[in-house]
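Visitor: Right, I'll just put the structure down here and ask away after.
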Amino acid sequence: MSWMLPESFSTFGPDVDFLYYAILVVTGIVFVITEALLVYFVIRYRRRDGQKATYIHGSTKAEIIWTTVPFIAVLGLAFISIPSWNMMKNPDSVPADALDYIINAKQFEWEITYAGTDGVTGTADDISTINIMHVPVNQAVNITLRSEDVLHSFFLPEMRVKQDAVPGMDITVWFEATAAGAYPIGCAELCGNLHTTMGGTLNVYEAAEFEAWVASQSADADDADDQEDQ
Amino acid sequence: MSQPAASTADRHPMPGMMVYNVKLGMWIFLLSEVMFFTALIGSYIILRFAHPDHFAEPGAVLNVPLTAFNTFVLICSSVSMVKAYAAITQGDQKGLKFWLLVTILLGTFFVGVQVYEYIILAQEGFVPMAELYGVAHEIEGAALYGATFYTMTGFHGTHVTIGILCMWFVLYRAWQGKYSANNYGGVEIMGLYWHFVDLVWIILFTIVYLI
Amino acid sequence: MAGNGEEPRYFLIWFILFVLTMAEVGYAFLALPQWLLATGLILMALWKALLVAIYYMHLKWEPKRLWILAASPLPLAVILVIAVLTEF
Amino acid sequence: MDAHAHAHEMPWIRRYIFSTDHKIIAIQFLLMSLFFLVVGGLLAAMIRWQLGFPSEPMPGGMLLPDEMMAPTPAGAIMLPEFYNSLVTMHGTIMIFFAIMPLLVGVFGNLLIPLQIGADDMAFPRLNMASFWMAFPAGLLMLASFAVEGGAAGAGWTSYAPLSASGEYTGVYLGQQLWLISLTILGFASLAGAVNYITTIINMRAPGMTWFRMPLATWALFITAILILLAIPILAGALIMLLFDQTIGTGFFLPASDGEPLLWQHLFWFFGHPEVYILILPAMGITSDVLANGARKPVFGYHAMVLAIVSIAFLSWIVWGHHMFQSGMNPMLGTTFMITTMVIAVPSAIKVFNWLGTIYKGNIHLHTPMLHALGFVSMFIIGGLSGVFMASTPVDVYIHDTYFIVAHIHYVLFGGSLFAIFAGVTFWYPKMFGRLMNEKWGKIHFWLTLILYNLVFWPMHSIGIQGHMRRIYDPTQYEFLQPLQPINQFITVCVFALVAVQAIYALNFIISIWKGKKAGNNPWHANSLEWTVPSPPPHGNFELVPIVYRGPYEYSAPDVEEDYWLQDTPPPSETAAPALEPQPVAD
Ligand code: HEA
Ligand code: HEA
Ligand code: CUA
Ligand SMILES: [Cu+2]
Numbered sequence: 001m002s003w004m005l006p007e008s009f010s011t012f013g014p015d016v017d018f019l020y021y022a023i024l025v026v027t028g029i030v031f032v033i034t035e036a037l038l039v040y041f042v043i044r045y046r047r048r049d050g051q052k053a054t055y056i057h058g059s060t061k062a063e064i065i066w067t068t069v070p071f072i073a074v075l076g077l078a079f080i081s082i083p084s085w086n087m088m089k090n091p092d093s094v095p096a097d098a099l100d101y102i103i104n105a106k107q108f109e110w111e112i113t114y115a116g117t118d119g120v121t122g123t124a125d126d127i128s129t130i131n132i133m134h135v136p137v138n139q140a141v142n143i144t145l146r147s148e149d150v151l152h153s154f155f156l157p158e159m160r161v162k163q164d165a166v167p168g169m170d171i172t173v174w175f176e177a178t179a180a181g182a183y184p185i186g187c188a189e190l191c192g193n194l195h196t197t198m199g200g201t202l203n204v205y206e207a208a209e210f211e212a213w214v215a216s217q218s219a220d221a222d223d224a225d226d227q228e229d230q
Numbered sequence: 001m002s003q004p005a006a007s008t009a010d011r012h013p014m015p016g017m018m019v020y021n022v023k024l025g026m027w028i029f030l031l032s033e034v035m036f037f038t039a040l041i042g043s044y045i046i047l048r049f050a051h052p053d054h055f056a057e058p059g060a061v062l063n064v065p066l067t068a069f070n071t072f073v074l075i076c077s078s079v080s081m082v083k084a085y086a087a088i089t090q091g092d093q094k095g096l097k098f099w100l101l102v103t104i105l106l107g108t109f110f111v112g113v114q115v116y117e118y119i120i121l122a123q124e125g126f127v128p129m130a131e132l133y134g135v136a137h138e139i140e141g142a143a144l145y146g147a148t149f150y151t152m153t154g155f156h157g158t159h160v161t162i163g164i165l166c167m168w169f170v171l172y173r174a175w176q177g178k179y180s181a182n183n184y185g186g187v188e189i190m191g192l193y194w195h196f197v198d199l200v201w202i203i204l205f206t207i208v209y210l211i
Numbered sequence: 001m002a003g004n005g006e007e008p009r010y011f012l013i014w015f016i017l018f019v020l021t022m023a024e025v026g027y028a029f030l031a032l033p034q035w036l037l038a039t040g041l042i043l044m045a046l047w048k049a050l051l052v053a054i055y056y057m058h059l060k061w062e063p064k065r066l067w068i069l070a071a072s073p074l075p076l077a078v079i080l081v082i083a084v085l086t087e088f
Numbered sequence: 001m002d003a004h005a006h007a008h009e010m011p012w013i014r015r016y017i018f019s020t021d022h023k024i025i026a027i028q029f030l031l032m033s034l035f036f037l038v039v040g041g042l043l044a045a046m047i048r049w050q051l052g053f054p055s056e057p058m059p060g061g062m063l064l065p066d067e068m069m070a071p072t073p074a075g076a077i078m079l080p081e082f083y084n085s086l087v088t089m090h091g092t093i094m095i096f097f098a099i100m101p102l103l104v105g106v107f108g109n110l111l112i113p114l115q116i117g118a119d120d121m122a123f124p125r126l127n128m129a130s131f132w133m134a135f136p137a138g139l140l141m142l143a144s145f146a147v148e149g150g151a152a153g154a155g156w157t158s159y160a161p162l163s164a165s166g167e168y169t170g171v172y173l174g175q176q177l178w179l180i181s182l183t184i185l186g187f188a189s190l191a192g193a194v195n196y197i198t199t200i201i202n203m204r205a206p207g208m209t210w211f212r213m214p215l216a217t218w219a220l221f222i223t224a225i226l227i228l229l230a231i232p233i234l235a236g237a238l239i240m241l242l243f244d245q246t247i248g249t250g251f252f253l254p255a256s257d258g259e260p261l262l263w264q265h266l267f268w269f270f271g272h273p274e275v276y277i278l279i280l281p282a283m284g285i286t287s288d289v290l291a292n293g294a295r296k297p298v299f300g301y302h303a304m305v306l307a308i309v310s311i312a313f314l315s316w317i318v319w320g321h322h323m324f325q326s327g328m329n330p331m332l333g334t335t336f337m338i339t340t341m342v343i344a345v346p347s348a349i350k351v352f353n354w355l356g357t358i359y360k361g362n363i364h365l366h367t368p369m370l371h372a373l374g375f376v377s378m379f380i381i382g383g384l385s386g387v388f389m390a391s392t393p394v395d396v397y398i399h400d401t402y403f404i405v406a407h408i409h410y411v412l413f414g415g416s417l418f419a420i421f422a423g424v425t426f427w428y429p430k431m432f433g434r435l436m437n438e439k440w441g442k443i444h445f446w447l448t449l450i451l452y453n454l455v456f457w458p459m460h461s462i463g464i465q466g467h468m469r470r471i472y473d474p475t476q477y478e479f480l481q482p483l484q485p486i487n488q489f490i491t492v493c494v495f496a497l498v499a500v501q502a503i504y505a506l507n508f509i510i511s512i513w514k515g516k517k518a519g520n521n522p523w524h525a526n527s528l529e530w531t532v533p534s535p536p537p538h539g540n541f542e543l544v545p546i547v548y549r550g551p552y553e554y555s556a557p558d559v560e561e562d563y564w565l566q567d568t569p570p571p572s573e574t575a576a577p578a579l580e581p582q583p584v585a586d
């Protein structure tokens, strides 16, 4: 049992993890202080014969202190969160050179469309795979997330990415993986009976490997079907 | 139940809201009604803002003159209601019964016109469900218009209908002579409810029919 | 309560409401820009609503604290609608 | 009670079933919601079985129909759609039919008239109607398990479009019953809220100024306002969703350009105030009990009231924090992050004031006091975990994981339920005339506290490892398989936790007849309910009480005992009580 986040492998990782640990420290301190005081008071001031409780109604000074200090603390936490949030979710932050993807979620699979060799989605040489996503390392990818039926949520734990797919909306999701490897994809929004099974794999390749994969797929784009991978 | 002061007179409680319980209760209930209609009208505003092309121009589908007339009827029913209240505060039993009856008739007329309007619209293919309305008016997939229109006006109509039923009850009690110049709580809260429903219609009429 | 001797002029209010309704219907079909139409209509509707609340629901003769109570949900309604509108 | 029954020769059914006496209605709500608490607990146990031992035959599963549990030679295995129904109904029943009626229905009815010195609610018949709407609504909710297609399975939040059309889940009638049941419950809650607000505003006894009201009543008052304004929004949304389900409108269905996000906004605009509806009365109860246990005035009474009011106010402008990953406009997300962070401040005030209350007290650790202290310590944990989610980038990672589940249960079980245990034990004499057993009460408290933490503390950890919520089989994900031992550990502890609650149930039931007779004021408390017999007679007070001071004058130097009833005339005035009702301070 641990309070440590699993290792992250995207450019978002440091930001999210830093904020998480920052909050962990702040709340940890508050937690220890308040719980310790609680226990201490209960023991120190427990009922004794002849003891009478002190008759006090409050203290304006104490009141002001414990209103302002938490106020500053939480506002501080909010403000240091804003830049990371904008970087992660604001469509304007997507790097210009990002690779375009389309992900179409449906009960109960992820359909991933790649731009193919020409670099734009929506053309004839698009490649598509089911539940297995291939991306190059150290290269931003820009996903247009859609859904065909109900809400789903595209979840890449190691990339610190999560975004609901909403039918009728095109939502921009981007990230940049920083290490090659295979990572889980999950669906984090209840989407029906088989919601649990809506997982997948994210394969992060070295740039050259990725290009080779794209080329191999484009060759037989007609029967591009990755399902046998599973 | 609805004595302005009697129930609390012997207790000398704190000043409170300085109005008697039943009236305060009615006001508080009306606040929740405000939020209920906020949900419905708010959804309409939001959906319309998101999909303006689904909603027809004023007058294109809905019959504005007819409903303007109906609005006028409802306004008349408000003034007759308030006359009923004014009558009983002066102890005028006859006036109370007369104006209550007028209010009931006007209210019933309002609901009747609304039902008539629904029937006509439905015959033209304007129904709350998807698709159909698109066929009749060649507005593609305009289901949101029908759904919001019928939900809002329907719930308003339901409120009017409930109001009419309650008004019969008040009238029955008036007939039994239960109200007097210093015991008119029932009439007053009936009026509050009725005017509130009128007020909601004023907003609905503008938003749904005119904008 | 309304009773202080003289009866409020209910029919006058009724007449204003009637005129405003007519004005609204006329205004709605003028060839004006949409935003101008909408603002004008909403203002007239609010005016009417206020008249009903003040005179027919006799808020005018009620203690001030009831006024505050009656107005309390309105900010919430505005917050909800405005916030969600920014979404679309 | 008996002496009184003669005076009011009322048929049994009018006295106990269709009673208009607020105390009887409180007991009715108590029995109803404890029943639903047990149901919700059993559903939780089934959920945990599946999570701990996925796809293994469930003990007793053979008793359930095949649509829920697929029979195999080894036993019956839970179907995923049944799992979804279980989670949905667990959340719904716990929130709407257990905790909410316990806090609002039970304590609202029992305490408000007694604590402000009124003879009953402003509208007793409406009060009765409130219960008789809530109870059938609950039965309707339960009945949905038996209909074709099973009970609703789209989560207690019922996000559209999953909930808006049966074609996605195969649940038609179940979802509709869910919607209808909650609509009826909404009417019941509204009836209660109108009653409470009117009663508190208009029926306070002479001298009971706003700032002499016990904090429990204050909290219930503000809660009633939240209910009054939040429930109608839910009702509107439920009705629109019901139309989508039944007559084919498209408010939330993208097929006809409806907006799924609109449902989420409406739901959470209600839903966030709702979670404070579930905690504010608990906070009020805790304040009353803590002051009593510590024999000290509540620290910073005015600040406590202000904190309640500001939590209520802020709760209207934070709803978006449930929707950070929903596709909401990121700018709006930032706004909601800031408001959400700010709402921690009034909670901080409350926590520190509770600590101030026990500081330099003379702490008597009776069972209600233990539960109140449990509330404070557990609410701190639950509240602090809320701060993680309030930070939008962190929420990206932990949204919809077990971290959220841990948060929910720390605030709702560790928070609300502990306060309910405290309150029920504390005011038990006012309902049944007897005290619950102290020894068994303490045993129950310690076992519950320990087991409860063993169950829910590890959920933070598995959430941090990425364990999603609402999945029926974690082993489907390879990266979650190493967490399975923790899941099993949790499950085993849950069974113990549920079993331990039997102690409480037995203590509760047996004490009705066998408990120690309580007398008027067993806890030596100050507020008005303790000036009358336990249970109080019909009409509560023989004479209208006159209030001279606030409810927390414990250990005042002017008096010999360490408590000072609110209606005891001050020493100088005993000869001729000159009453000057104070103007309302507002
Ligand atoms: C009683 C119920 C209750 C209460 C009181 C709270 C209180 C809070 N909640 Fe919680 N919440 C729920 C019930 C509750 N919540 C439920 C049921 C859900 C899940 C719904 C679902 O999806 O099913 C949820 C979900 C939820 C989310 C959405 C998570 C997600 O889905 O991604 C968020 C996000 O911000 C959140 C935040 C908060 C915050 C900031 C508080 C704050 O009010 C907490 C404030 C308290 C403290 C902070 C502790 C005391 C303070 C101090 C000791 C002072 C010092 C503190 C600092 C300096 C930090 N909650
Ligand atoms: C008040 C609310 C409340 C309470 C008390 C509980 C109690 C419990 N909950 Fe639940 N839970 C929720 C509210 C609550 N829960 C909500 C809102 C959700 C989200 C639903 C959703 O996702 O849609 C959820 C979801 C949820 C999940 C996540 C499921 C998933 O996402 O897949 C899990 C999993 O472990 C769980 C487990 C438990 C357990 C083991 C308990 C145990 O603590 C239960 C222990 C047993 C009892 C508390 C009953 C004891 C009975 C008495 C004490 C009465 C006795 C007295 C007399 C008879 C006189 N809950
Ligand atoms: Cu898709 Cu869950
Ligand atoms: Cu919330």
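Residue numbers (the numbering used here), protein chains in the order written: chain G, 1 to 230; chain W, 1 to 211; chain A, 1 to 88; chain F, 1 to 586.
Every residue, glycine too, gets a C-beta built ideally from N, C-alpha and C.
Since the structure is predicted, the reported quantities are computational estimates derived from the model, not experimental observations.
1) Answer with yes or no whether the minimum CB distance from residue 174(G) to chain F is below 9 Å.
2) Please confirm whether residue 436(F) has its beta-carbon closer than 9 Å to some beta-carbon of chain A.
3) Flag residue 21(F) as yes if its beta-carbon sits less than 9 Å from any beta-carbon of chain W, otherwise no.
4) Please report whether the beta-carbon of residue 63(A) lies at a distance below 9 Å from any beta-carbon of chain W.
5) Give me the residue from 152(G), 116(G), 87(G), 62(G) with the minimum Cα distance to residue 135(G).
6) With a cut-off of 9 Å, does the C-beta of residue 576(F) fall near any C-beta of chain W?
7) Does ligand 4 have even one heavy atom less than 8 Å from the beta-carbon of residue 321(F)?
8) Strictly below 7 Å CB to CB, what residues from chain G border residue 455(F)?
9) Is there a Cβ of chain G sitting closer than 9 Å to that of residue 344(F), yes or no?
10) Over what stretch of residues does the alpha helix (DSSP H) that includes residue 519(F) continue unbroken?
11) On the DSSP bridge assignment, give the partners of residue 184(G) in chain order.
12) For residue 227(G), count neighbouring C-beta atoms within 10 Å of its own C-beta (all shown protein chains included) and say buried if the count is 16 or more, exposed if not.
13) Can you name the residues of chain F whose CB is closer than 7 Å to the CB of residue 167(G)?
14) Quick one, which of 490(F), 188(F), 207(F) has its alpha-carbon nearest residue 569(F)'s?
15) Using CA atoms only, rank isn't needed, just tell me which of 77(G), 194(G), 206(G) is closest to residue 153(F).
16) Whole angstroms is fine: what's the gap from residue 144(F)'s alpha carbon to residue 80(F)'s?
17) So, is the C-beta of residue 209(W) closer than 9 Å to a C-beta in chain A?
18) Check whether chain F comes within 9 Å of residue 181(G), counting only Cβ atoms and requiring the distance to be less than that.
19) Taking 9 Å as the threshold (beta carbon to beta carbon), is residue 60(A) in contact with chain W?
20) Quick check for students: name the residue ranges of the beta strand (DSSP E) that lie wholly in the segment 138-162 of chain G, counting only runs of 3 or more.
21) For residue 70(F), list the residues DSSP reports as bridge partners.
22) Identify each residue in the segment 273-300 of chain F for which the Cβ-Cβ distance to at least one residue of chain G is less than 7 Å, and report them in chain order.
23) Work out the CA separation of residue 150(G) and residue 106(G) for me, nearest whole Å.
Guide: Let me spell this out:
1) Against the first sequence, residue 174(G) aligns to sequence position 174. No, residue 174(G) does not count as interfacial toward chain F.
2) As a first step, residue 436(F) must be located in the fourth sequence, where it is residue number 436. Answer no: the Cβ-Cβ gap between residue 436(F) and chain A never drops below 9 Å.
3) Position 21 of the fourth sequence, counted from the start, is the residue given in the question as residue 21(F). No, its Cβ sits nowhere closer than 9 Å to a Cβ of chain W.
4) Your numbering for residue 63(A) matches position 63 in the third sequence. Yes, contact with chain W.
5) For the purposes of this step, residue 135(G) is taken as residue 135 along the first sequence, with counting starting at 1. Here the closest residue by C-alpha is 116(G).
6) In the fourth sequence, counting from the first residue as 1, residue 576(F) sits at position 576. Summary for residue 576(F): the model assigns pLDDT 46, below 50, so the residue's position carries little reliability; its value from the coordinates is reported in the next sentence. Judged by the 9 Å Cβ criterion, residue 576(F) is not in contact with chain W.
7) Start at 1 with the first residue of the fourth sequence, and residue 321(F) comes out as number 321. Within the cutoff, so yes.
8) Position 455 of the fourth sequence holds residue 455(F). Result: empty, since nearest Cβ-Cβ is about 13 Å, beyond 7 Å.
9) Numbered from its first residue, the fourth sequence carries residue 344(F) at position 344. So yes, residue 344(F) belongs to the interface.
10) One-based indexing of the fourth sequence puts residue 519(F) at position 519. Where residue 519(F) is concerned, there is no enclosing alpha helix (DSSP H), given that its DSSP letter is neither H nor E.
11) Residue numbering aside, residue 184(G) sits at position 184 when the first sequence is read from its first letter. Note: residue 184(G) sits in a beta bridge opposite 201(G).
12) Walking along the first sequence from the start, residue 227(G) turns up at place 227. Low local confidence applies: a pLDDT of 43 at residue 227(G) is under 50, so the model's placement there is unreliable, with the coordinate-based value given in what follows. Residue 227(G) is exposed by the Cβ-count criterion.
13) On the first sequence, residue 167(G) is found 167 positions in, with the first residue counted as 1. Under the 7 Å cutoff, chain F gives 161, 254, 260.
14) One-based indexing of the fourth sequence puts residue 569(F) at position 569. Of the candidates 490(F), 188(F), 207(F), the one whose C-alpha sits nearest the C-alpha of residue 569(F) is 207(F).
15) As a first step, residue 153(F) is located in the fourth sequence; it is residue number 153 there, counting from the start. Checking every option, the nearest Cα to that of residue 153(F) belongs to 194(G).
16) Working through the fourth sequence from its first residue, we reach residue 144(F) at position 144. Working through the fourth sequence from its first residue, we reach residue 80(F) at position 80. For residue 144(F) and residue 80(F), the distance between alpha carbons rounds to 17 Å.
17) For the purposes of this step, residue 209(W) is taken as residue 209 along the second sequence, with counting starting at 1. For residue 209(W), the answer is yes, since a Cβ of chain A falls inside 9 Å of its Cβ.
18) Numbered from 1 along the first sequence, position 181 holds the residue referred to as residue 181(G). Chain F, which has no Cβ nearer than 9 Å to the Cβ of residue 181(G), makes this no.
19) Indexing the third sequence from 1 puts residue 60(A) at position 60. Residue 60(A) does not count as touching chain W.
20) 140-147, 152-156
21) As a first step, residue 70(F) must be located in the fourth sequence, where it is residue number 70. Answer is 77(F), bridged to residue 70(F).
22) 294, 295, 296, 297, 299, 300
23) Position 106 of the first sequence holds residue 106(G). Position 150 of the first sequence holds residue 150(G). Rounded to whole angstroms, residue 106(G) to residue 150(G) spans 7 Å at the Cα level.
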